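All remarks here apply to the structure that follows.
Structure, rendered in structure tokens:
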């Protein structure tokens, strides 16, 4: 049986950059430890925008430039990426909250039955929940797990709301 860990958007801009928060900074150590201790395949997602971000629908609704491709803010936090050294890793760039490519790549890479898919990262209330729901829709008989100690939302309240919404969708919260 195969286990997969999805590390969602642990990028500089979401931690200590243009959209960084104290809550995001507070989970970095937990995320690093989870990655180091994980025995299985690891997928990183990376929020990826272009120079025209402010002209996109998302940019008009969230007019804060962030995660522009190849900038320092776009990069996965160094200590988070380093935690997976020597492990099987796939990085997926995504232009929006949820990644259909992530779901497709996991399905394509399956050689053994899935035991579980665990998600950690940022932001609980936007990209973590979007990817968790996508994965639940595709792998409905596989336990989808979110480790809340390795997630942070835009606000503590929106984090809590997302956790409750995922519970209602039969996503396991630990």
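Residue numbers (the working numbering): 7 to 180.
All C-beta atoms, glycine included, are put in the ideal place defined by N, C-alpha and C.
Remember, it's a predicted structure, so these values are computed and weren't measured experimentally.
In angstroms with no decimal places, state the Cα-to-Cα distance between residue i and residue j.
| i | j | result |
| --- | --- | --- |
| residue 178 | residue 125 | 10 Å |
| residue 43 | residue 51 | 19 Å |
| residue 162 | residue 128 | 12 Å |
| residue 89 | residue 108 | 20 Å |
| residue 70 | residue 93 | 34 Å |
| residue 56 | residue 173 | 34 Å |
| residue 32 | residue 12 | 19 Å |
| residue 136 | residue 81 | 21 Å |
| residue 77 | residue 131 | 24 Å |
| residue 91 | residue 41 | 10 Å |
Would you give the residue range spanned by the alpha helix (DSSP H) that residue i belongs to?
| i | result |
| --- | --- |
| residue 111 | 106-114 |
| residue 52 | Looking at the DSSP string, residue 52 is not in any alpha helix (DSSP H); the run it does join, the beta strand (DSSP E), is 47-53. |
| residue 144 | 135-144 |
| residue 67 | 63-67 |
| residue 84 | 84-88 |
Assuming contact is defined by CB atoms lying nearer than 8 Å, are residue i and residue j in contact in what I supplied?
| i | j | result |
| --- | --- | --- |
| residue 98 | residue 105 | yes |
| residue 180 | residue 154 | yes |
| residue 123 | residue 141 | yes |
| residue 62 | residue 100 | no |
| residue 8 | residue 149 | no |
| residue 10 | residue 47 | yes |
| residue 85 | residue 14 | no |
Provide the residue span of the beta strand (DSSP E) that contains residue i, from first to last.
| i | result |
| --- | --- |
| residue 120 | 120-128 |
| residue 98 | 95-100 |
For residue i, which of helix, strand or coil comes out of DSSP?
| i | result |
| --- | --- |
| residue 25 | coil |
| residue 158 | strand |
| residue 17 | strand |
| residue 8 | strand |
| residue 74 | strand |
| residue 57 | coil |
| residue 132 | helix |
Exercise. Assess, as a yes-or-no matter, whether the stretch 151-160 is touched by the stretch 18-32 under the definition of 3 or more beta carbon pairs within less than 8 Å.
Key: Yes, they touch.
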